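For reference, the structure is listed below as structure tokens.
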């Protein structure tokens with residue numbers, strides 16, 4: 001049985017959050033401040049954990065996020081954030097739990 005996890009783009013500071021908001025095409029749907037985002041993100045994190053799920057925090061710089069989205073034909077929006085975080089989660093799972101091939 002595989003590991004099921006949710007990736008979530010995670011911001012490390014108010015300054016970084018502001019930098020990301022500047023590039024998001026849909027910044028208006030995001031909480032207006034880092035503290036509001038942090039409160040909402042922590043609630044979501046705790047809810048997933050409390051129901052037996054796993055959240056993998058996807059950290060990146062705005063430049064890394066922008067480059068990944070461009071390379072994978074994603075916008076700098078909710079879809080791009082979800083795709084990037086899912087990709088990062090899959091990478092982390094594969095690094096810590098490599099797939100065993102039948103011999």
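In the UniProt record's numbering, the protein residues as written are 1 to 103.
Glycine is no exception: its CB is placed at the ideal position from the N, C-alpha and C atoms.
Treat the numbers as computed from the prediction; the structure is a model and nothing was measured.
- Just checking, does the region 64-78 make contact with the region 37-44 on the three C-beta pairs under 8 Å criterion? The region 64-78 vs the region 37-44: no contact.
- First and last residue of the uninterrupted beta strand (DSSP E) at residue 6: As a first step, residue 6 is located in the chain shown; it is residue number 6 there, counting from the start. Counting along the chain, the unbroken beta strand (DSSP E) around residue 6 starts and ends at 6-9.
- Message: Which of the three DSSP states is assigned to residue 27 in this structure?
- Response: On the chain shown, position 27 is the one that residue 27 refers to. In this structure, residue 27 counts as helix in the three-state DSSP scheme.
- Item | residue 60: first and last residue of the uninterrupted beta strand (DSSP E) it sits in | In the chain shown, counting from the first residue as 1, residue 60 sits at position 60. Per DSSP, residue 60 belongs to no beta strand (DSSP E) and is neither H nor E.
- Query: Near residue 19, which residues of its chain fall below 7 Å by C-beta distance, leaving aside the five closest residues on each side in sequence?
  - Reply: Here residue 19 refers to the residue found at position 19 of the chain shown. Result list for residue 19: 62, in chain order.
- Query: Within 10 angstroms of its Cβ, does residue 58 collect 16 or more other Cβ (buried), or is it exposed?
  - Reply: The count along the chain shown starts at 1 and reaches residue 58 at position 58. Note on residue 58: 16 or more other CB atoms within 10 angstroms of its CB, so buried under the neighbour-count rule.
- Task: Examine the ligand ZN and report whether any of its heavy atoms sits within less than 7 Å of the Cβ of residue 52.
- Result: In terms of ligand content, the structure shown is empty, and the ligand ZN therefore cannot be addressed.
- Inter-residue Cα distance where the pair is residue 10 and residue 60: Mapped onto the chain shown, residue 10 falls at position 10. Mapped onto the chain shown, residue 60 falls at position 60. Rounded to whole angstroms, residue 10 to residue 60 spans 8 Å at the Cα level.
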